[in-house]
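Before any comments, here is the structure.
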Amino acid sequence: MRNLIILLLLVCTTSCTSQSNGQVISIDIETVKTEVIGKDVQLVDVRTLKEYDAGHIGDAINIDFLDNPAFTEKFQNLDKEEPVYIYCQMGGRSKKASQKLKEMGFKTIFDYSGGYGEWSAQK
Numbered sequence: 000m001r002n003l004i005i006l007l008l009l010v011c012t013t014s015c016t017s018q019s020n021g022q023v024i025s026i027d028i029e030t031v032k033t034e035v036i037g038k039d040v041q042l043v044d045v046r047t048l049k050e051y052d053a054g055h056i057g058d059a060i061n062i063d064f065l066d067n068p069a070f071t072e073k074f075q076n077l078d079k080e081e082p083v084y085i086y087c088q089m090g091g092r093s094k095k096a097s098q099k100l101k102e103m104g105f106k107t108i109f110d111y112s113g114g115y116g117e118w119s120a121q122k
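Note that numbering that gives the first Met the number 0 numbers the sequence shown so that position 26 is 25, with each residue one more than the last.
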C-alpha cells in the first residue's frame, strides 16, 4: 500500500510539473498571415517603441524586451493560458523574450522568427 501511495504521488508531481512548462513554437510568415492577421490574438512586438512607431504588424501591442522591469510588468496583464504571438526585427529579441515568457508561466508562445524585417519586405 505504501508503494502505491508513493507511486501515485510521483505520478501527480510529474504531471503537474510537465503541465506548468510552456512551449515555444517557431512560426513563419504564412502562419502569421493565416492565424494572426485579423484574428483576436495576443500579438506582441518586443522591439523598442521607436521601432514599433516606425511600423508594426496588424494590431500588435508594444512591450519592449530591452525595458526589463516594464517588460515583465506589462506581460503580467496578458492571459498566460492563451497563446501569445511575439516578434521583433529579425528574431533575436523574440527568441530571448520567448524563453522569458516560458519562465513566467505562459503556456504557448509562438515566435515569428522572420520578424518585422521579413514582414515589411513582403508588402
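All residues carry an ideal CB built from backbone N, CA and C; glycine is no exception.
Assumed close pair residue i, residue j - CB separation to whole angstroms, cut-off 8 Å
i: E80; j: K106; result: 6 Å
i: V43; j: I85; result: 5 Å
i: N61; j: Y51; result: 4 Å
i: K95; j: F74; result: 13 Å between Cβ atoms; not a contact.
Same chain, Cβ closer than 8 Å to residue i, five either side skipped, listed in chain order
i: Q121; result: I28
i: D78; result: Q41
i: P124; result: A query on residue 124 cannot be resolved here, the shown segment of the chain reaching from 0 to 122 and no further.
i: N20; result: K101
Local Cβ density within 10 Å of residue i, reported as buried at 16 or more and exposed below that
i: D110; result: buried
i: L100; result: buried
i: I36; result: exposed
i: I124; result: Absent from the model: residue 124. The displayed extent of the chain is 0 to 122, so no value can be given.
Sequence-distant residues of the same chain with beta carbon closer than 6 Å to residue i, five excluded per side
i: G90; result: S112 and G114
i: G116; result: Q88 and M89
i: H55; result: D44
i: T47; result: D63
For residue j and residue i, the rounded distance between their alpha carbons
i: L9; j: G104; result: Confidence in L9 is poor, its pLDDT being 49 and thus under 50, which makes the residue's placement too unreliable to answer from.
i: D133; j: S119; result: The requested residue 133 is not part of the displayed model; the chain covers only 0 to 122.
i: S25; j: S93; result: 10 Å
i: V23; j: T33; result: 19 Å
Cutoff 7 Å; reference residue i; Cβ partners in own chain excluding five residues on either side
i: F70; result: I62, D63 and F64
Item checked: Complete alpha helix (DSSP H) runs within the region 91–115 (minimum length 4 residues, chain order) -> 91–103
Next item on the list: Any chance you could list the beta strand (DSSP E) runs of at least 3 consecutive residues sitting entirely within the region 39–91, in chain order?
Entry: 41–44 and 83–86
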